[in-house]
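Below: one structure, written as structure tokens.
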Amino acid sequence: MMKKKYSTLFFSVAVLFSPLSSALETVEFQYLSPTNPADRQAQSAIKESQINQLFAELANQYFPFSQRLTVQYGSEEGPLYDPDTHTIHIPYEFYQQALQYFIGNNYQEKFGRSAQLGTIDTLLHTLLHEGGHAYIADRNIPILGKEEDAVDNFAAIMMIEYVEGGDDAAISAADMFAFESQQRPDYYDWGEYIDEHSFDLQRYFSTLCLV
């Protein structure tokens, strides 16, 4: 089984069965105009990472959509998938927040992986997570419950099995869950027990178990 190549800083896509142009026809990417320097930095980093090409090719090969999926960067809300418009929304702020988590936790010094790469790892996991929601809706796949856990596992497995270096990337994405958990109080709010998502630490350990 061949894997998509995963470089030390950026993604380089190895096209297996079909031209990349056809993959990009399956998934359309849009960038809303940045409104501040931080947004411009996020937009530039996302474009340079080639993560969109990787996501599009993975979708084309392993979870093709019957109708074109739109990924829109710069939305005010998200990350989320909107089934009404078949669109994944990713705010530029999400990239910046993730980057600050990795920088603040001295990721390079502790784990030998740059904060920028950890952020791109997290973004790939997020794209695949929301892409999982989109595929379920697109193909009308019956899910009886725990859809959030299902697409978490889907994202991790896609990275581990089909992206070169994807196991390390999945660990970085899991670390992001751990960082977010550290920012929470020692107790959970009652509303979190009925949330669609598992607790951040549960998501962290679940991903590590898959790796």
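In terms of mature numbering (1 follows the signal peptide of the UniProt record, and there is no 0), the sequence shown is residues -23 to -1, 1 to 188. Each residue gets a CB set at the ideal place from its N, CA and C atoms; glycine is no exception. Quick caveat, the model's predicted, so the values are computed rather than measured.
In its own chain, which residues sit with a C-beta less than 6 Å from the C-beta of residue i, not counting the 5 before and 5 after it?
{"i": "N29", "result": "F6"}
{"i": "Y58", "result": "I65, E107, H110, A111"}
{"i": "P11", "result": "R17, Q20"}
Residues in its own chain within less than 8 Å of residue i by CB, not counting five upstream and five downstream?
{"i": "G122", "result": "none"}
{"i": "residue 190", "result": "The requested residue 190 is not part of the displayed model; the chain covers only -23 to 188."}
{"i": "S(-2)", "result": "Legend: pLDDT at S(-2) = 48, less than 50; position of this residue unreliable, no value from coordinates given."}
Looking at residue j and residue i, is the spacing between their C-beta atoms short of 8 Å?
{"i": "Y39", "j": "M135", "result": "yes"}
{"i": "I65", "j": "G108", "result": "yes"}
{"i": "H63", "j": "L46", "result": "yes"}
{"i": "N130", "j": "L187", "result": "yes"}
{"i": "A146", "j": "V140", "result": "yes"}
{"i": "P56", "j": "F71", "result": "yes"}
{"i": "H102", "j": "V128", "result": "no"}
{"i": "A19", "j": "Q73", "result": "yes"}
{"i": "L9", "j": "Y50", "result": "yes"}
{"i": "S26", "j": "I97", "result": "yes"}
With 16 as the cutoff for other CB atoms within 10 Å, does residue i come out buried or exposed?
{"i": "S43", "result": "exposed"}
{"i": "P68", "result": "buried"}
{"i": "I148", "result": "buried"}
{"i": "R17", "result": "exposed"}
{"i": "S52", "result": "buried"}
{"i": "W167", "result": "Below a pLDDT of 50, predicted positions are generally treated as unreliable, and W167, at 45, falls in that range; the measurement from the model is reported next regardless. Exposed, since its Cβ has fewer than 16 Cβ neighbours within 10 Å."}
Please return the same chain residues whose Cβ sits closer than 7 Å to the Cβ of residue i, not counting the five positions on each side in sequence.
{"i": "M153", "result": "A75, Y78, T99"}
May I ask which residues mark the beginning and end of the beta strand (DSSP E) holding residue i?
{"i": "F6", "result": "4 to 8"}
{"i": "residue 190", "result": "This structure leaves residue 190 out entirely; the chain is present only between -23 and 188."}
Provide the residue span of the alpha helix (DSSP H) that contains residue i, from first to last.
{"i": "Q38", "result": "28 to 39"}
{"i": "T96", "result": "92 to 115"}
{"i": "D129", "result": "124 to 139"}
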